[in-house]
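Chains as they are written, first to last, in my numbering: chain D, 223 to 515; chain Z, 774 to 1127; chain H, 2 to 237; chain A, -1 to 382; chain U, 2 to 255. The C-beta atom is built at its ideal place from N, Cα and C for all residues, glycine as well. Only a predicted model underlies this, so the values are computations on that prediction, with no experimental measurement involved. Since the structure comes first, as structure tokens, the remarks are kept for the end.
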Amino acid sequence: MSFISYLLNGISLGSVYAIIALGYTMVYGIAKMLNFAHGDVIMVGSYVAFVAINNMGLPIPISILLSVIVCTVLGVVIEGIAYRPLRHASKLAVLITAIGVSYFLQNMALLIFGANTKSFTSVVQVKPLSLAGGQLNISGETIVTILACVVIMIGLMAFIKYSKAGHAMLAVSEDDGAARLMGINVNRTISLTFAIGSALAAIAGVLLCSAYPSLTPYTGSMPGIKAFVAAVFGGIGSIPGAFIGGILLGIIEILARAYISSQLSDAIVFSVLIIVLVVRPTGLMGKEIQEKV
Amino acid sequence: MKKMSKTARNSLITYGIVILAYVGCEIWMRFGNMSSLMEGLLVPLCVYAILAVSLNLTVGILGELSLGHAGFMCVGAFASATFTKCMEQAIPIPTVRFIIAVLIGVICAGICGILVGIPVLRLRGDYLAIVTLAFGEIIKNLVNAIYLGLDSKGFHFSMKSMLELNMEADGMVVINGAQGITGAPSDSNFTLGIIMLLITLFIVLNLINSRTGRAIMAIRDNRIAAESIGINITKYKIMAFSISAAMAGAAGVLYAHNLTTLTALPKNFGYNMSITILVFVVLGGIGSIRGSMISAVILTMLPEMLRSLDEYRMLIYAIVLIAAMILTWSPKAIELRERYSPMKLLRRKEKEVQ
Amino acid sequence: MAMLEIKDLSVYYGVIQALKGISFEVNEGEVIALIGANGAGKTTTLHTVSGLIAPKSGSVIFEGQDITKTPAHKIVSMGMAHVPEGRRVFASLSVLQNLRLGAYTRNDKEEIEESLRKVYKRFPRLEERKNQPAGTLSGGEQQMLAMGRALMSNPRIILMDEPSMGLSPILVNEIFDIIKEVSAGGTTVLLVEQNAKKALSIADRGYVLETGRIVLEGKAQELLNNKSVQSAYLGE
Amino acid sequence: GSSDSAATDSTTDAADDAAAAESGDAAAAEGSTLKIGGIGPTTGSAAIYGNAVMNAAQMAVDEINAAGGINGMQIEFQFEDDENDAERSINAYNTLKDWGMQMLMGTVTSTPCTQVAVEAEADNMFMLTPSGSAVESIAPANAFRVCFSDPNQGMASAQYIGEHDLATKVAVIYDSSSVYSSGIYQTFAAEAANQGIEIVAEGAFTADSNTDFSVQLQQAKEAGAELVFLPIYYTEASIILTQADGMGYDPIFFGCDGLDGILGVENFDTSLAEGVMLLTPFAADADDEATQTFVAAYQEQFGDTPNQFAADAYDAIYIIKAAAEQAGITADMSVSDMCEAMKVAMTEITVDGLTGAGITWSADGEPTKEPRAVQIMDGVYTAM
Amino acid sequence: MPMLEVKNLGISFGGLRAVDDFNLSIEKGELYGLIGPNGAGKTTVFNMLTGVYKPTDGKILLDGEDVTGKKTIELNKEGIARTFQNIRLFSDLSVLDNVKVALHNQKEFTYSALTGILRLPRFYRLEKEMDERAMELLEVFGLDKEAGYKASNLPYGKQRELEIARAMATNPKLLLLDEPAAGMNPNETQSLMNTIRFVRDKFNMTILLIEHDMKLVSGICERLTVLNFGQVLANGDTEEVLKDPKVITAYLGE
Ligand SMILES: Nc1ncnc2c1ncn2[C@@H]1O[C@H](COP(=O)(O)OP(=O)(O)OP(=O)(O)O)[C@@H](O)[C@H]1O
Ligand SMILES: Nc1ncnc2c1ncn2[C@@H]1O[C@H](COP(=O)(O)OP(=O)(O)OP(=O)(O)O)[C@@H](O)[C@H]1O
Ligand SMILES: [Mg+2]
Ligand SMILES: [Mg+2]
């Protein structure tokens, strides 16, 4: 019984990673950049929702919407100011810029909101699910997060597969010069990618803080890294990979903590990642593109 | 032949800058009134310069992105600090103790480099970056869980808690989990730091401008072509990676011996540090050894110089990062620079290598 | 009025001047060959025309409209397609996906399907390989794909950058036949070729580019007979 | 007053001369300043603590200055960020030295404190840390502290639980990557055996995995722990309480001074903290006048409720004042002379502060004060 | 004994049989052409000969020795060097270094990493010798004046020649050239033909080349194999093969 309960905890943690990882993988897959600031956009999203709910007294759905809107705009602005000028620069330069943006957001939040912890009110009003006569509990947050995850995953896959904008994204991710020759507005496509990724970040932030209700300017950073690992674990760029990677990572982390060592759970999680990548160099779902010689 | 002397001259300029800086600082310290802040920064500057130079070997020369450089630094720091803490009495001369500590740190970090490198260097691009990041986090996590004690019966080791060491009452706790190593003598000084930096530069610059360096750069530029002319990819990748790791270990030794208390926090040995080092490399010019050294020095001093700005300091640091990247890399900025630079004519010559 | 007018175009890469003020024009329905040695600036010309790079001075006028500053993606929807040098197919996408992207600016489903059928008819090999990732196609197959993809946008003018590079003799002939066909179908063609003989033989007029300048222009036949062209570009 | 007026004062006014003779060389001190430095993290993930210390210390300094300063000297206070990093703390220390610091109130967190103590020892500079709680943090003779040491808290907690028979089966959830938390845990575990307390579950976490505590709680629950000991900071504790509530686990939660502040977490559902016990020298809800004045002033100035770091810092400044007056410190003394005088004075003074009444110091720098156990009832601290 | 003998070579990618039952025999010093329609499998044959792909069937004998399934590096050490259809230079290295790096495995130029780091006399001596050797090769291809240029700054045609020079530097027995004249104009092709011939004569090199430019093929190749759909369509003397009606319909046209 306790195993199942750990498993549920793992899924619950994993679903939060997964939802963050979806945004990561989306931006990586299309814009081909490691957006290290993604975790901090999550933090911004959480603060916006927090302020909306607690300081402005807005209803929860409107607060979430506001958070999504602010993050979407933020994502597009960040892309336009910090990443767009470096579209054809070295990947490393973009990576460093992303890190700069991450520091910027963290310190901006520190200035505005202060370092004090804020306790986030859960936006989830779904009742916890009680199984096996109360021995197993699945919190409302978990249920909602997993559902949101699945919906977003399917939505994203369908969007990329069937929509014209989705096709444009694929083309841009391959070769943006050639994409322009197809009549694709590369800047707009990448903006759209960031808009979607950041909107997801807002949702992820709200759900993250609903499940783990403590909010500081650094809230997004570690879950961001873990989700990033999850995305790689599943095969970065792959949307179902992000989902599976996130859930698995959560489960591994919890089981390692429960059965091996709670001190070393991070080491174990990261070791599993290394082993997986050594065996499958492009992650669980990533496809290996062979270079034609 | 002319080219040989050119690279040699380039290296000499680099050594010259370091030596001049050293002599200048020494004179300033003795006869001028160098601020305490500056004096305190001298050893850290060497540490970060060594880190930047060593990471440049992986990132700039080998062309692989590593986000776990701090992990190797951590290995070097803890291995050597453990040694120094245990040997404080046995070896009374600090410099001798320090030299042995450096060797130990370098070897341990180098071995880690090989161990990580073998499985990992098969991975490409960003995957390698993630795995190195993971490695760095593993090291940090492990170090935080190590308990090591020394008493008359020898070493006691545990991964759980200090209580499990079962030590005699007069035993000495060497590594106390998250509390790390405290009370080890700080054996390093600016002169030793500069010597280590010079040795690092010597190794890296000579390596780059040799048969081995060419092979490594060939792998960076085109792996398939490098294979086709008979270059053993794995061997050279691991060689570059582990040398880079070993030198990061050396920096770790210097870092550890500049402090009396050594803990592995996200701040000093986590991915944040790895990223800070990467920033030095990228800002200084990927592949430019001298550049990364200089940018390490400037970027380490920058936040200290900005102290008067208080809480705006890190914000400004962030803006500086973004602005620097955009100004050095955006095509528009490059074009403007090229067009209006007074060096316009000189730049034309850049068509030739070096 | 010419369909495409290039006026005094100068292009720089950093400090290197790749085009030193070239002017030429392409009339509706023509096949124009642009020939010249490696590095003469042919690709640069096409890139500038299709908006991929911005010139320092000069202008590009397409159907009476100044498109010098128009972004590349807008130019495509105005009816200009560009088959880039080195094919630039979307390597991990399938052949079919590549072709569909060619029709990105179009919205008429039926007609797109019709164009697809036409492309398949022209290049049966593409239909055989329609689900293969484009990156694993052979060089020639990729060239066919690049052409097919450009045709999918139903262009009024098509710019082609060395379409015969790396193709077998039979395919070279075929490609030139296709170019003729495309042209016969009413599409204007601006053709950049290393294979000057072939290019001039199907072209109406030609321009010879040398280190960023047009040094010679004229009827294709005249150029073919020109001594200096013969010795410099025809290998005779 | 400029030095000019000070000079004329001392030559012309006889009454002043008499006063000067009484309190050392007050005339020279008049109009002069005492430079006190402070170090702590004001950015980074430990910024809460550094900011609290900086604010409260500044408040104390302003109060003292308004009331005439120390021995007539105005205090100049400057606070430097160390990002909770040993290496940065050296830079912060050196920056303050360049500024002309004569005494140090810091550093806030343990590891940097241990490092700075060594630096300060080399300069023989007096330092008083409000909250550096590791044993080594005040190892040198020049270093003193306001707070309890970690072992002291671990010991006291175990004793309190044992003596009051709160529980025999105890679980511990601690941050194994934190010096503070693992320090308390170590002595707690050692002392628990003496108190007949059985540690049935110990769940560590690290700074990198401090969002989810479901496993640790589950293990505690399954092991039948009646009490969960939380030698951690309130940020994590607030999540632990929420998660425990979510899984229907309701043991006694017992914490140390790090838990103070939990009621101040913005928007925290304080009903979750009902019944939580903590050993803390300071409680913002205490009803003594000093505390209430302090809390009110702090709230007015900085907009939030001070935690124990703030209280420690506030006390620290007043302790420095008391010792400085005892030692007859004047601004023209050398740093080293000041330190020597302060070292002696510290063992002589008794201070009634926010964090304890009748605090005294031994020469090794440790304070002697009674820990206070409080329980959260109806959303306020209630002394037990 | 032939220099290179390939027997029943075959490879599949997924369901696609890219090369099937491929046979080839080349004598020492021969200039041999491999032609065939696009996608016939010519580059794939090169890839198998150089260990980039492992053949699923068949044998490769080099100088009588079975080298099937060996890795790229080993095959290079055995004496097979190549150029690529899409140019693969070490773009950030100088032209000279592109060649020097290819001297990597030559016994007489080998020194250890330590020798390099410590700058022992051996380092200076061997570097000097390598410079000389590399310059010799560059002269053959008329690249000596550009020795200091960054490889990526060379004009296209010269890049192709540099690739050949680099392959030559590994001191191969067998040189594989994949469309060396692609993207060259007729004049450049002509000079390339002369260079290839010169290389063959001067170093008594065995050369196998893929090319679509019939002028080059008929101009310098002594024998040809024609590949079609992964299978040998014809082989023999150049003139005869080019007259073969099957070859004309499948490949040449007209
Ligand atoms: N991205 C670039 N950066 C710098 N210089 C460039 C760039 N692209 C082209 N050039 C230079 O501009 C000039 C013209 O190049 P362009 O590619 O237009 O020639 P081309 O006639 O198409 O040659 P080819 O037959 O090789 O395709 C050459 O000198 C080339 O080196
Ligand atoms: N890695 C691969 N995966 C799948 N198919 C492949 C792969 N490599 C080659 N092919 C297929 O094998 C066939 C032969 O390709 P190859 O590149 O050898 O042709 P080629 O004869 O060199 O043609 P070209 O003259 O156009 O270069 C092609 O149909 C190609 O699509
Ligand atoms: Mg071109
Ligand atoms: Mg081929």
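Residues of the segment 160 to 186 of chain A with Cβ closer than 7 Å to any Cβ of chain Z, in chain order: Ser174, Ser175, Ser176, Val177, Ser180, Gly181, Gln184
Can you tell me which residues fall inside 7 Å of ligand 4, judged by beta-carbon distance to its nearest heavy atom, and keep chain order? H:Ser139, H:Gly140, U:Lys43, U:Thr44, U:Gln86, U:Asp179, U:Glu180, U:Ile211
What is the DSSP secondary structure of Gln193 of chain A, reduced to helix, strand or coil? coil
Burial state of Arg782 of chain Z, where buried means 16 or more other Cβ atoms lie within 10 Å: exposed
Alpha carbon to alpha carbon, what distance is there between Asp60 of chain A and Gly279 of chain D? 37 Å
Proximity test, Ala202 of chain A beta-carbon vs ligand 2 heavy atom, cut-off 7 Å: no
Which of the residues in the segment 28 to 49 of chain U, read from start to end, lie with their CB under 7 Å from any CB of chain D? Asn48
Could you tell me the distance, in whole angstroms, from the CA atom of Ala1106 of chain Z to the CA atom of Ser11 of chain H? 20 Å
I want to verify the contact list: residues of chain D whose CB lies under 7 Å from the CB of Ala202 of chain A, in sequence order. Ser484, Gln485
Glu26 of chain H CB to nearest heavy atom of ligand 2 below 7 Å: no
For Phe326 of chain D, return the contacting residues in chain Z, with the cut-off set at a CB-CB distance below 8 Å. Leu1088, Ala1091, Ile1092, Ile1095
Could you check whether the Cβ of Glu364 of chain A sits closer than 8 Å to any Cβ belonging to chain D? no
At a cut-off of 7 Å, is Glu86 of chain H close to ligand 1 when judged by its beta-carbon and the heavy atoms of the ligand? yes
Just the chain Z side, please: which residues come within less than 9 Å of Ala182 of chain U by C-beta, in chain order? The premise fails here: Ala182 of chain U is roughly 19 Å from chain Z at the closest Cβ pair, so nothing lies under 9 Å.
Nearest residue (CA-CA) to Glu81 of chain A, options A:Val144, A:Asp285, A:Ile46, A:Leu261: A:Ile46
Going by alpha carbons, who is nearest to Ile357 of chain A out of A:Asp173, A:Asn92, A:Val144? A:Val144
Bridge partners for Asn236 of chain U per DSSP, in chain order? U:Thr226
Quick one, are the C-beta atoms of Tyr33 of chain U and Glu241 of chain U less than 8 Å apart? no
Which residues share a DSSP beta bridge with Leu94 of chain H? For Leu94 of chain H, which the question treats as bridged, DSSP gives no partner whatsoever.
Determine the chain Z residues that contact Asp206 of chain A at a beta-carbon separation under 9 Å, and present them in chain order. Glu910, Lys913, Asn914, Pro1039, Gly1043
State the Cα-Cα distance for the pair Asp210 of chain A and Leu239 of chain A, rounded to the nearest angstrom. 11 Å
For a contact meaning CB atoms closer than 8 Å, what does Asn82 of chain A contact in chain Z? Leu1038, Lys1040
So which of U:Tyr125, U:Asp22, U:Arg134, U:Arg83 has the shortest CA-CA distance to Pro173 of chain U? U:Arg83
Ser135 of chain A to Gln113 of chain A, Cα distance in whole Å? 8 Å
Going straight from the alpha carbon of Ile12 of chain U to that of Asp58 of chain U, what length do you get? 7 Å
Short of 7 Å in beta carbon distance, which residues of its chain neighbour Thr41 of chain A, apart from the five on each side in sequence? Order them along the chain. Asp79, Glu81
Would you say the beta carbon of Asn39 of chain U comes nearer than 7 Å to a heavy atom of ligand 2? yes
Partner residues on chain Z for Ser183 of chain D, Cβ-Cβ distance less than 7 Å: Nothing about residue 183 of chain D can be read from this structure; chain D reaches only from 223 to 515.
Cβ-based burial, Tyr125 of chain U [other Cβ within 10 Å; buried from 16]: exposed
State the start and end residues of the unbroken alpha helix (DSSP H) segment that holds Glu129 of chain H. 125 to 129
Distance check for Ile68 of chain A and Ala24 of chain A, CA to CA, integer angstroms please. At Ala24 of chain A, the pLDDT of 41 sits below 50, so the modelled position is not reliable; the number obtained from the coordinates is stated separately. Looking at the two C-alpha atoms, the distance is approximately 10 Å.
So is Asn106 of chain U in contact with chain Z if we call contact Cβ pairs under 8 Å? yes
Could you work out which residue in Z:Ala1019, Z:Met932, Z:Thr868 is closest to Val977 of chain Z when comparing CA atoms only? Z:Ala1019
Which residue marks the beginning of the beta strand (DSSP E) containing Leu287 of chain D, and which one marks its end? Careful: Leu287 of chain D lies outside any beta strand (DSSP E), inside the alpha helix (DSSP H) at 282 to 300.
Cys293 of chain D and Val263 of chain D closer than 8 Å at C-beta: yes
Below 8 Å on the Cβ atoms is my contact criterion, and I expect Phe23 of chain U with Val46 of chain U to pass it. Report the Cβ-Cβ distance as a whole number of Å. 6 Å
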